[in-house]
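Take a look at the structure below.
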Amino acid sequence: MTAASTAASTAAPTVVSVAASTAVLTAAPVSISAATAGGIVAALREKFPQDADKITPRASADHPAINIPATAAVAILTHLRDAHGYDMLADLTAIDWAEGASPRFTVVWHLLSVASAPDASASGTSASDAHAKPGSYLRVAAGCANDAEPEMPSVAAIWPGANWHERETYDMFGITFTGHPDPRRILMWDGYPHHPLRKEFPLAGVEGELPDPEVAAETKTKLIAAPMAGGPFVASSGGLNIGENEPRAKDESWNENAEKPKAEGLKG
Amino acid sequence: MVTANKEATYNSAIEGDIVVTRLDAVINWIRANSIWPMPMGLACCGIELMAAGGARFDISRFGAEVMRFSPRQSDCMIVAGTVTYKMAPHIRRIYDQMSSPKWVIAMGACASSGGMYRSYATMQGVDRILPVDVYISGCPPRPEAVLDALVKIQDKIRREPSGRALFKEENKG
């Protein structure tokens, strides 16, 4: 793969600045992966002509990456698994581009080819040519059409391992995977009202109720925003830090018993 | 006393002299030297807790080697690890199922204060739901620190008015 794609990039050298390639995420990047992604894009456009304009190469610093439309996601991913040899779903996650962006949510599948290409004489020449080399990854991304209530078809029927990944992505981002066999939260408890990895959600959390109302009533405890003390880890040498090179949290803990001190009362 | 069973009666040839003591001293002596811990291992602190039970550190020197995984049989909960909000109610329920008298050790930074997990998912200190007797610093603490906490619990038990508690109205029956 490396030798072939290096040859391709030397044959047609293109100069694109780093800023431009990161700003325009759908533009084809000048990298080793671009040539490989281009091959897959061409093959998919031929196979799915109705979605040809929506199947595009995707900027990537490492593995080949493509954009696909959400409506044809299951069909394209199934085709990638069966005809191109991406038989393993290594990861499934999502990106929140923050409020105001559209599409706001992008689901990302990381596919890995494990098995070797089938024998060319047995399966026909074209299938063998398209088959990925064992150990090669492909990143596939699709934007969710609805920004307020994002949805994406589930691939748990294609890769059973997607089951928990999709539950986690639902839990953290609030993306509903249609057709999922068990659409529950996986990390936070059922009934938790937020999706913590969304951009507007603060890392410290927000006030709320404990999962168990009986224990909450008994202990009179609730969810509180965690004291961030200037951040999860503070590397600056403030007045309370002992050594300049030693990252440590400033001693600014507070909870419902000890109120957050006023800003002017703090040193530094 | 008229009985056929001589073994059950006092026999001066076998027992020797009678020892007179205070009820508090006897009860506290028994309790302090047979603390059965409830190992609430929630994170990496649980591994150090296991080390404290191993041969090198040997928690059995202090009579606390009987780790009980049933709350009904244990009397000192060692909260060893990060307490998430999802887990917190279960910890409280297990504590409620332990029979009195019972004690709690918050082992490590996470159980004591949330530690480095200043996040939406982590309870900032298990003392928000449990009455903690001893806090252990460290991330994770060394097994010696666990033993030190155990000795501190023993000191605390030895100072308790256990005999008076036995005859309290709410404890009868």
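First to last, the protein sequences are chains A and B. Just so we're aligned, residue 145 is where the first sequence starts under our numbering, counting upward by one. Just so we're aligned, residue 226 is where the second sequence starts under our numbering, counting upward by one. Positions of the beta carbon are idealized from the N, C-alpha and C atoms, including for glycine.
Check: Would B:M302 pass as a contact of B:M323 if the rule is Cβ separation under 8 Å?; Outcome: yes
Check: At what residues does the alpha helix (DSSP H) containing A:H309 begin and finish?; Outcome: A306 to F317
Check: Please list, in chain order, the residues of the stretch 327–355 of chain B that have any C-beta partner in chain A closer than 9 Å.; Outcome: S338, G339, M341, Y342, R343, S344, Y345, A346, T347, M348, Q349, G350, R353, I354 and L355
Check: Tell me which residue opens and which closes the alpha helix (DSSP H) that A:A214 is part of.; Outcome: Here A:A214 belongs to no alpha helix (DSSP H), and DSSP marks it neither H nor E.
Check: How many angstroms separate the CA atom of A:P355 from the CA atom of A:T365?; Outcome: 11 Å
Check: Just to check my reading of the structure: A:R202 and A:A285 have Cβ atoms closer than 8 Å, yes? What is that Cβ distance to the nearest angstrom?; Outcome: 6 Å
Check: With a cut-off of 8 Å on the beta carbons, I'd call A:F321 and A:H339 a contact; round off their distance for me.; Outcome: Contact flag wrong, Cβ pair sits at about 13 Å.
Check: Quick check on this structure: which residue in B:P356, B:K311 and B:R343 has the alpha carbon closest to the alpha carbon of A:D334?; Outcome: B:K311
Check: Under a CB-based cut-off of 8 Å, is A:P337 close to chain B?; Outcome: no
Check: How long is the line joining the alpha carbons of A:T215 and A:P294, rounded to whole angstroms?; Outcome: 13 Å
Check: My guess is that B:V304 and B:V351 are in contact by the Cβ rule of under 8 Å, so how many angstroms apart are they, rounded?; Outcome: 5 Å
Check: Restricting to Cα atoms, I'd like to know which of A:D206, A:A205, A:K191 and A:W241 is closest to A:H228.; Outcome: A:K191
Check: Look up B:M341 in the DSSP assignment and say whether it is helix, strand or coil.; Outcome: coil
Check: Are the stretch 244–256 of chain A and the stretch 323–330 of chain A touching, with three or more C-beta to C-beta distances below 8 Å?; Outcome: no
Check: What are the residues that DSSP puts in a beta bridge with A:E295?; Outcome: A:T320
Check: Quick one, are the C-beta atoms of A:H207 and A:A234 less than 8 Å apart?; Outcome: no
Check: Quick check on B:T347: does DSSP put it in helix, strand or coil?; Outcome: strand
Check: With burial defined as no fewer than 16 other Cβ atoms inside 10 Å of the residue's Cβ, what is the status of B:D321: buried or exposed?; Outcome: exposed
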